[in-house]
Amino acid sequence: MTTFADRTFTPPERIRNFCIIAHIDHGKSTLADRMLQLTGVVEERAMRAQYLDRMDIERERGITIKAQNVRLPWTVTHEDGTTEEIVLHLIDTPGHVDFTYEVSRALEACEGAILLVDAAQGIEAQTLANLYLALEKDLTIVPVLNKIDLPAADPDRYAAEIAHIVGCEASDVLRVSAKTGAGVRELLDEVVRLVPAPVGDADAPARAMIFDSVYDTYRGVVTYIRVVDGRITPRERIKMMSTGAVHELLEVGIVSPDPKPSIGLGVGEVGYLITGVKDVRQSKVGDTVTSQRHGATEALTGYREPRPMVYSGLYPVDGSEYPDLREALDKLQLNDAALTYEPETSAALGFGFRCGFLGLLHLEITRDRLEREAGLDLISTAPNVVYRVVRDDGVELTVTNPSDWPTGRVAQIFEPVVKVTVLAPSEFVGTIMELCQSRRGQLGGMDYLSETRVELRYTMPLAEIIFDFFDALKSRTRGYASLDYEEAGEQESDLVKVDIMLQGEAVDAFSAIRHKDDAYSYGTSMTTKLRELIPRQQFEVPIQAAIGSRIIARENIRAIRKDVLAKCYGGDITRKRKLLEKQKEGKKRMKTIGRVEVPQEAFVAALSTDSSAAEKAKK
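Whatever position you read off the sequence shown (first residue = 1), add 2 for the numbering used here.
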């Protein structure tokens with residue numbers, strides 16, 4: 003150990019920073035559990051499955067949403083019998099495509115990555131995507147086969163598959179069972195041997211990268227950093243290089259696996275800072291932390307800003323909760339750097355926010371977290387992508403909301419496209435191709451990874467895959483296919499805005515931008531859905547779907563009629579006719595001045611992609 007100003011720091015050569023990358027459900031969190039047990043940082047009585055998945059929503063869904071870092075002590079025995087104390091910094095990452103940005107940030111804090119593959123399923127689409135991310139960052143890859151204890155496991159076959167892709171020998175692929183703990187000790191020894199130690203100048207001005215942050219109600223903003231140069235110690239004044247904000251460090255510590263205050267952080271160490279600041283905008287992911295006195299002049303490179311792929315409006319059911327929603331979004335953005343938002347208003351839903359997400363699961367998780375953590379009741383509008391519209395007069399517009407669609411003549415419309423990678427058993431090639439072509443996909447290439455597994459590459463409009471493409475793919479391939487996608491620019495398309503009108507008045511919340519060929523089916527499905535969801539009024543209500551001034555679909559909600567003839571026992575027929583005519587006139591007058599009352603449940607169900615919400619609203 004080396005000492006600096008009466009403080010002791012771990013030398014960089016004894017540190018190994020690594021993460022676990024894999025497809026969903028390939029056992030990342032379970033492997034992290036075994037590592038926690040093996041290194042003894044969690045007592046046996048305190049141990050629980052998926053220990054690092056802290057959020058309720060992660061535990062309920064069985065997925066990792068937030069990357070978690072933890073410091074592990076490990077003793078290595080050398081060939082000459084001597085032992086050495088090593089500090090391992092592990093980051094457990096999510097596997098879903100919507101949280102790729104979370105993975106990319108975690109990779110910045112590492113020198114190595116464990117590539118984990120299920121021995122019963124082999125390489126999946128997201129495995130490849132995360133592998134390419136790690137190779138881009140020039141990380142050392144440690145290939146590992148997990149779940150070798152399963153009866154369906156075929157480790158020899160999949161070891162050859164991994165070796166072919168990573169460029170190593172099949173014998174170099176480690177075999178472990180995260181469930182039983184078999185092979186985990188050997189894996190940690192291999193990580194120490196293969197992953198390089200962090201490099202940095204201990205005597206240079208302090209520079210540390212913020213890779214994550216979280217808001218604590220009692221302690222304010224907690225910032226997670228990786229020290230690149232110099233040292234960071236408690237009670238010194240630090241400066242955020244992008245904002246220029248200066249704070250006093252109240253606490254510096256490590257996560258092992260609970261936060262523990264320490265004497266400071268040296269080169270290559272990962273830990274947290276607490277400054278007591280309550281303003282969530284003061285701690286920006288990707289910013290460089292340095293000392294106020296004799297600080298660094300050049301900031302670290304930081305992260306590429308994430309570009310939202312999907313936009314949706316979030317509105318509080320109770321309009322008075324709008325300020326609470328703003329505050330909750332501020333705090334959530336601190337913990338989720340990929341979330342963007344700006345205020346917007348809707349004639350039907352009132353005040354809310356237009357939010358940008360990386361995908362549909364990201365939208366669903368964000369809404370769920372806002373409702374749980376802030377106690378809000380929210381409505382989300384139909385998700386849509388970002389369009390670039392060129393008007394006849396040459397003016398360019400960026401449209402993230404159907405209500406912003408220009409009313410005049412449009413010269414060109416561009417929509418975002420993505421490169422889609424599908425991995426599946428070769429027997430499903432025909433059904434996958436049929437599905438992709440029905441979604442306006444263009445085949446880019448096809449490769450056989452082995453005799454039974456094929457990789458298909460398509461270029462598709464993003465709007466075609468954000469709704470139910472993944473569900474359709476899974477159902478047609480009996481759950482065997484896996485999907486990954488990445489941005490691939492934009493293409494010119496024949497798109498139209500479909501308005502849904504109640505009583506001749508457009509309801510902006512139900513408007514959508516669709517391809518010309520798909521507009522009719524959207525119009526008919528939405529009008530049918532609304533006819534079932536909107537309660538009958540005192541007058542007849544027409545529900546229409548229109549493109550511009552042309553009506554493409556219509557449904558009617560019949561009026562509630564009071565029996566005005568109930569008290570007429572026999573007598574002259576003219577009296578009955580007179581009463582019926584009077585009722586008819588009243589209904590006619592009511593139709594001209596009446597407003598259609600649409601209950602909030604109808605909005606929630608009509609805008610929901612989940613059929614269970616619609617069923618609930620009908621009851």
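The beta carbon of each residue, even a glycine, is placed where N, CA and C say it ideally should be. Remember, it's a predicted structure, so these values are computed and weren't measured experimentally.
>> Starting from TYR524, trace the alpha helix (DSSP H) in both directions and tell me its first and last residue.
In response: 521-535
>> Taking 6 angstroms as the limit between beta carbons, can you name the residues of its chain near MET448, skipping five residues before and five after?
In response: LEU458
>> Once DSSP output is grouped into helix, strand and coil, what is the label at THR235?
In response: coil
> In chain order, which alpha helix (DSSP H) runs of at least 4 residues are fully inside the segment 449-529?
Replying inline: 464-467, 471-478
> Nearest to ALA490 by CA position, among VAL420, PHE512, ASP496, is which residue?
Replying inline: VAL420
> Looking only at its own chain, which residues have a Cβ that is under 6 angstroms from the Cβ of LEU90, when we skip the five neighbours before and after it?
Replying inline: ARG18, LEU74, TRP76
>> I'd like the span of the alpha helix (DSSP H) that includes THR32, first residue to last.
In response: 30-41
> Going straight from the alpha carbon of VAL230 to that of THR409, what length do you get?
Replying inline: 53 angstroms
> Buried or exposed: which applies to HIS28, given that a residue is buried once 16 or more other Cβ atoms fall within 10 Å of its Cβ?
Replying inline: buried
>> So, for ILE88: in the same chain, excluding its five sequence neighbours on each side, which residues have a beta-carbon less than 8 angstroms away from its beta-carbon?
In response: ARG16, ILE17, ARG18, PRO75, TRP76, THR77, VAL78, VAL194
> Who are the Cβ neighbours of THR594 in its own chain at under 8 angstroms, not counting the five residues just before and after it?
Replying inline: Any reading at THR594 is ruled out, since the residue's pLDDT is 45, under 50, leaving its predicted position unreliable.
> Any chance the segment 319-336 sits against the segment 354-371, with 3 or more Cβ pairs inside 8 angstroms?
Replying inline: yes
> For GLU110 versus PHE20, is the C-beta spacing smaller than 8 angstroms?
Replying inline: no
>> Please give the ranges of any beta strand (DSSP E) in the segment 178-243, keeping only runs that are unbroken, at least 3 residues long and fully inside the region.
In response: 209-218, 222-231, 239-242
> How long is the line joining the alpha carbons of TYR389 and GLY222, rounded to whole angstroms?
Replying inline: 38 angstroms
> For the segment 167-183 against the segment 25-44, are there 3 or more C-beta pairs whose distance is under 8 angstroms?
Replying inline: yes
> In three-state DSSP terms, what is ASN19?
Replying inline: strand
> Smallest Cα separation from ALA426: which of THR461, ARG480, LEU464, GLY443?
Replying inline: ARG480
>> Does VAL391 come out as helix, strand or coil in the three-state DSSP assignment?
In response: strand
> I think GLU494 touches PHE416, with their Cβ atoms under 8 angstroms apart; what is that distance to the nearest whole Å?
Replying inline: 6 angstroms
>> Can you look up ARG369 in the DSSP assignment and give me helix, strand or coil?
In response: helix
>> Rounding to the nearest angstrom, what Cα-Cα distance links VAL175 and GLU188 in this structure?
In response: 12 angstroms
> Among all the DSSP beta bridges, which residues are the ones paired with TRP76?
Replying inline: ILE88
>> Considering just the uninterrupted stretch of the beta strand (DSSP E) at ALA413, what are its terminal residues?
In response: 412-427
>> One question on the structure: do PRO261 and GLY255 come within less than 8 angstroms of each other, judged by their Cβ atoms?
In response: yes
> What are the uninterrupted segments assigned as beta strand (DSSP E) that are 3 or more residues long and contained completely in the segment 536-561, given in chain order?
Replying inline: 543-549, 552-559
> How big is the Cα-Cα spacing for SER477 and GLY270?
Replying inline: 46 angstroms
> Given that a residue counts as buried once 16 or more other Cβ atoms are within 10 Å of its Cβ, and exposed if not, what is THR12?
Replying inline: buried
> Quick one: what's got a C-beta closer than 8 angstroms to ALA330's C-beta in the same chain, skipping five residues either side?
Replying inline: LEU372, GLU375, ALA376, LEU378
> In chain order, what residues of the same chain lie with their CB nearer than 6 angstroms to the CB of GLY278, ignoring the 5 residues before and after it?
Replying inline: GLY222, LEU252
> Helix, strand or coil: which one does DSSP assign to SER348?
Replying inline: strand
> Rounded to the nearest angstrom, how far is the Cβ of ILE559 from that of ARG533, given a contact under 8 angstroms?
Replying inline: 6 angstroms
> Looking only at DSSP bridge pairs, what is ASN148 linked to?
Replying inline: ASP120
> Pick from VAL168, GLN546, HIS166: whose alpha carbon is nearest that of SER523?
Replying inline: GLN546
> What is the DSSP secondary structure of ASN71, counted as helix, strand or coil?
Replying inline: strand
> What do you get for GLN123, buried or exposed, if any count of 16 or more other CB atoms within 10 angstroms of its CB means buried?
Replying inline: buried
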